[in-house]
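Report on the structure given below.
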Amino acid sequence: MKNKRIILISIIILILLITFSYIFFIKIKQNNNNIVKNDEIEIKSSENNNINSNSNTNIDNNKINQKENEIQNKPQTPVQKYGKLRVEGSKLVDENGDIVQLKGISTHGIQWFPQYINKEAFKFMKDEWNINLIRLAIYSESYNQSQNKIIEDGIDYATDLGMYVIVDWHILNDNNPNQNKEKAKNFFSYIVNKYKNNINIIYEICNEPNGNVTWKNDIKPYAEDMINLIHGINEDAIILCGTPQFCQKINDVAQDPLIANKNIMYTLHFYASTHKQELRNELLNAIKNDLPIFVSEFGISESSGTGTINIDEANKWIDLLNLNDISYVYWNLSNKNESTALLKNSTDKSNNWINEELSDAGKWFINILNNK
Ligand code: IDC
């Protein structure tokens, strides 16, 4: 009986021992697992931290790169560089009040040479020839609404590329701007309204009044009306106003300036084989009179647009213009068989030209633009 008891107690102790050691074993295992898990979590979270800190570094690097890019590339386009232009005294100035000199190229009549109004050509001239301005020549006498598409395309390309653009109402054979005044009013109210938020458009209200036309009786009243119309829609627009005798008698204006003088400039045109020191004296006089002058068209041929070119005189003109920060625009982008055309008559391409495809005058002007 006593033996039986001893055996029973031993069995119970054994069972208890086994149970405790099992529980103990399980506990240890769990702990170990937890340690491993915690380690994993720690490793994971430290990995995450690394990823986060890496991505933070990436973001920081991107920001630095962006800033560097901005500093290096800025200003990327002429309009980014100068912003909204205005006229202060006799000077064209940028958004910060610093003097700006625009240099550009004029199309020929848009209805005769529309092939050159293409974005690739504008981009090429901006990037390779350093121009910041395009002038779209719309011959007033032969203008009709079907030409609007070409004009709007031209404005849109210039805008996309961050270039300034002159919308030129090209009075010529219709020598008195009042002749086509109604057409001019309709045209400008349409275009100025459509583009009233653009800061890159300059409006030239009459290319070259000529013949029996005076500043006081003809051009001035026309200009006052057109300025009212344009500034009524966009009060900050810069407006270029033609002057008598194909834009040579700029000093007629000095004696009898326009009533509205906000953001107005007067145009002087020259053709270097015909117009020399006498016309430069006229310009020097205007500079003395503090008149804001813009050379919205010039050539280095004879005033007919063809004949011999005069590089000596042309260089004298450019020196004088550069010295006085006066903006200028070369006539004309075409391959017409005339010496003022930028392209050789044999050049068929309408963009991406090589030097050999330029006329003599074209080669000279591209050198001027590249400061060579
Ligand atoms: C000329 C063109 C020529 C065209 C003629 C008439 O070069 O191809 O046949 O006009 O439309 C100006 C004028 C400008 C003239 C240019 C050369 O603004 O239209 O272009 N010129 O004569 N003023 C002085 C010279």
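The numbering used here puts the first residue of the sequence shown at 20, with every later residue one more than the last. The beta carbon of each residue, even a glycine, is placed where N, CA and C say it ideally should be. Values in this document were obtained by computation on a predicted structure and should not be read as measured data.
Give the secondary structure of residue 188 by DSSP, where H, G and I count as helix, E and B as strand, and everything else as coil.
Taking the first residue of the sequence shown as position 1, residue 188 is located at position 169. Residue state, collapsed to three classes: strand.
Given a cut-off of 8 Å, decide if residue 118 and residue 154 are closer than it, judged by their beta-carbon atoms.
Position 135 of the sequence shown holds residue 154. Position 99 of the sequence shown holds residue 118. No. Outside cutoff.
Chain B within 8 Å of residue 209, Cβ atoms only:
In the structure shown, chain B cannot be found, because there is only a single protein chain.
Could you spell out where the beta strand (DSSP E) holding residue 288 opens and where it closes?
Translated into the one-based positions of the sequence shown, residue 288 becomes position 269. Element bounds for residue 288: 283 to 290.
Beta-carbon contacts of residue 295 that lie in its chain and below 7 Å, excluding the five residues immediately before and after:
Taking the sequence shown and counting its residues from 1, the one referred to as residue 295 is at position 276. So the list reads 332, once near-sequence residues are dropped.
For residue 270 and residue 150, I'd like the C-alpha separation in whole angstroms.
Here residue 270 refers to the residue found at position 251 of the sequence shown. Here residue 150 refers to the residue found at position 131 of the sequence shown. Approximately 29 Å, taken between the alpha carbons.
Considering only their Cβ atoms, is the gap separating residue 218 from residue 98 smaller than 8 Å?
What you label residue 98 is simply residue 79 of the sequence shown in a count that begins at 1. What you label residue 218 is simply residue 199 of the sequence shown in a count that begins at 1. Yes.
Any non-hydrogen atom of the ligand IDC within 7 Å of residue 364 CB:
Translated into positions along the sequence shown, residue 364 becomes position 345. Answer for residue 364: no, Cβ out of range of the ligand IDC.
Contained alpha helix (DSSP H) runs [length at least 4] in the segment 145 to 191, N- to C-terminal order
167 to 179
Any residue with its Cβ nearer than 6 Å to a heavy atom of the ligand IDC should be included. What is that list in chain order?
191, 226, 227, 265, 288, 290, 316, 322, 323, 324, 350, 351, 355, 357, 359
Between the Cα of residue 291 and those of 384, 356, 310, 372, spot the shortest distance and give me the residue it belongs to.
Taking the sequence shown and counting its residues from 1, the one referred to as residue 291 is at position 272. The residue with the shortest Cα to Cα distance from residue 291 is 384.
Could you work out which residue in 304, 378, 305, 122 is closest to residue 337 when comparing CA atoms only?
Locating residue 337 in the sequence shown gives position 318, counting from the first residue. Cα-wise, what sits closest to residue 337 is 122.
Taking just the CA atoms, how far does residue 339 sit from residue 18?
This structure cannot speak to residue 18, because the chain is shown only from 20 to 391.
Taking just the CA atoms, how far does residue 159 sit from residue 177?
The residue labelled residue 177 in the question sits at position 158 within the sequence shown. The residue labelled residue 159 in the question sits at position 140 within the sequence shown. Distance between the alpha carbons of residue 177 and residue 159 is about 22 Å.
Suppose you measure from the CA of residue 103 to the CA of residue 163; what does that come to, to the nearest Å?
Here the question's residue 103 lines up with position 84 in the sequence shown. Here the question's residue 163 lines up with position 144 in the sequence shown. Cα to Cα, the separation comes out at about 30 Å.
Let me check understanding here. Comparing Cα to Cα, which of 130, 311, 307 lies closest to residue 172?
Here residue 172 is taken as the residue at index 153 of the sequence shown, counted from 1. Out of 130, 311, 307, 130 has the C-alpha closest to the C-alpha of residue 172.
Please go through the same chain and pick out, in chain order, the residues whose beta-carbon is closer than 6 Å to the beta-carbon of residue 195, but skip the five residues on each side of it.
Reading the sequence shown from its first residue, position 176 is the one you call residue 195. Contacts found: 232, 237.
Return the Cβ separation of residue 263 and residue 285 in integer angstroms, given the expectation that the two are a contact with Cβ distance under 8 Å.
Here residue 263 refers to the residue found at position 244 of the sequence shown. Here residue 285 refers to the residue found at position 266 of the sequence shown. The Cβ separation is near 11 Å, so there is no contact.
Taking residue 122 as part of the beta strand (DSSP E), name the residues at either end of that continuous run.
Counted from its first residue, the sequence shown places residue 122 at position 103. Here the beta strand (DSSP E) through residue 122 covers 122 to 128.
Short of 8 Å in beta carbon distance, which residues of its chain neighbour residue 208, apart from the five on each side in sequence? Order them along the chain.
Counting from 1 along the sequence shown, the entry for residue 208 is found at position 189. Closer than 8 Å at the Cβ level, and outside the excluded window around residue 208, lie 248, 252.
Can you tell me which residues form a DSSP beta bridge with residue 223?
Position 204 of the sequence shown, counting from 1, holds the residue named residue 223. The partner list for residue 223 (beta bridge, DSSP) reads 187, 259.
Where the alpha helix (DSSP H) through residue 272 begins and ends:
In the sequence shown, counting from the first residue as 1, residue 272 sits at position 253. Segment 270 to 274, the alpha helix (DSSP H) holding residue 272.
Per DSSP, what are the beta-bridge partners of residue 314 in this structure?
Position 295 of the sequence shown, counted from the start, is the residue given in the question as residue 314. Partner(s): 347.
Any idea if residue 23 is buried or exposed, counting beta-carbon neighbours within 10 angstroms, 16 or more meaning buried?
Along the sequence shown, one-based indexing puts residue 23 at 4. Result: exposed.
So, at 6 Å on beta carbons, what are the nonlocal neighbours of residue 120 in its own chain, with the 5 sequence-adjacent residues on each side left out?
Your numbering for residue 120 matches position 101 in the sequence shown. If we look at residue 120 and ignore the five residues flanking it on each side, its Cβ neighbours are 344, 346.
Taking the alpha-carbon of residue 180 as reference, which of 137, 222, 213 has the nearest alpha-carbon?
For the purposes of this step, residue 180 is taken as the residue at position 161 of the sequence shown. Checked all of 137, 222, 213; the closest Cα to residue 180 is 137.
Residue 328 to residue 240, Cα distance in whole Å?
Sequence index remark: in the sequence shown, residue 328 carries index 309 (1-based). Sequence index remark: in the sequence shown, residue 240 carries index 221 (1-based). The alpha-carbon atoms of residue 328 and residue 240 are separated by roughly 36 Å.
Report the rounded CA-to-CA distance for residue 110 versus residue 116, giving the unit in angstroms.
Against the sequence shown, residue 110 aligns to sequence position 91. Against the sequence shown, residue 116 aligns to sequence position 97. Approximately 10 Å between the Cα atoms of the pair.
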